[in-house]
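Numbering (our numbering), first residue to last: 1 to 271. C-beta atoms are modelled at their ideal positions from N, C-alpha and C, and glycine is treated no differently. Fair warning: this is a prediction, and the values are worked out from it, not measured in the lab. Written out below as structure tokens is the structure these notes cover.
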């Protein structure tokens, strides 16, 4: 019989082994386990029986789940007693099956991203563009501009209005800049591209917040900047990964031009 319990030191090794079977889809949970300094890991759950780990989930403000079918009902039972997340995300088939279990009693979603392509690039497949765009870490004096771009991306991709002027949002952007997690591309000293590093593990770094200002699109800046940033990041990581809405044809084409390939599917449900 499968039981669901908060992760412990004795179960962390087996949980990480389970997640590392698919690092591109599970990088968020792996990162939470390895790099989040939270002292008590009550937000990471392990589903297991006598045969071993059958699933792992992060249950905080969002629910990120990686699980076999047989672990979904136990996870749903636990989640019913500890609900309150604003988003569910994970392997598409897993999230769809989990949602069917919790839908009868759960709040209805405000938005469903039915299919999101998980894509990755490594040194062997990266296609470098021309060098007319310069790339570097973002600077603190660019925080307001980057916050505006980040808020615009969130409105487009997630369907809700983030306020770049709010203290919490702008402070979050500034903290990430100070940690070296935001990258920009410039052309003639104008910011023409930005993205940030999200979760990472030993296998991959996940890019997020990819954005080109609308007035600078269709000029090749995004292709040049993205490939150059990936080139820099591949000096320390075996691969770069990301996920993108399947209907965003322009973004998918951009990633394919840079050498990204499709390695899996996500689904995201937002509340």
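- Classified as exposed, residue 100 has fewer than 16 neighbouring CB atoms from the shown chains inside 10 Å of its CB.
- A straight line joining the alpha-carbon of residue 105 with that of residue 74 spans about 15 Å.
- In this structure, DSSP gives residue 43 a state outside helix and strand, which the three-state scheme calls coil.
- In this structure residue 149 is in contact with residue 211, their Cβ atoms being roughly 5 Å apart against a cut-off of 8 Å.
- Closest in C-alpha terms to residue 192, from the list 217, 180, 163, comes 217.
- For residue 19, the enclosing alpha helix (DSSP H) has its first and last residue at 9-19.
- Contact between residue 88 and residue 269 holds: their C-beta atoms lie close to 4 Å from each other, under 8 Å.
- Contact check between the region 1-16 and the region 41-58: three or more CB pairs, one atom from each, fall below 8 Å, which counts as touching.
- Residue state for residue 145 is assigned as helix, using DSSP reduced to three classes.
- Look at the beta carbons and you see the region 249-268 touching the region 119-126: at least three pairs across the two are nearer than 8 Å.
- The C-beta separation of residue 127 from residue 227 comes to about 6 Å, placing the pair in contact by the 8 Å criterion.
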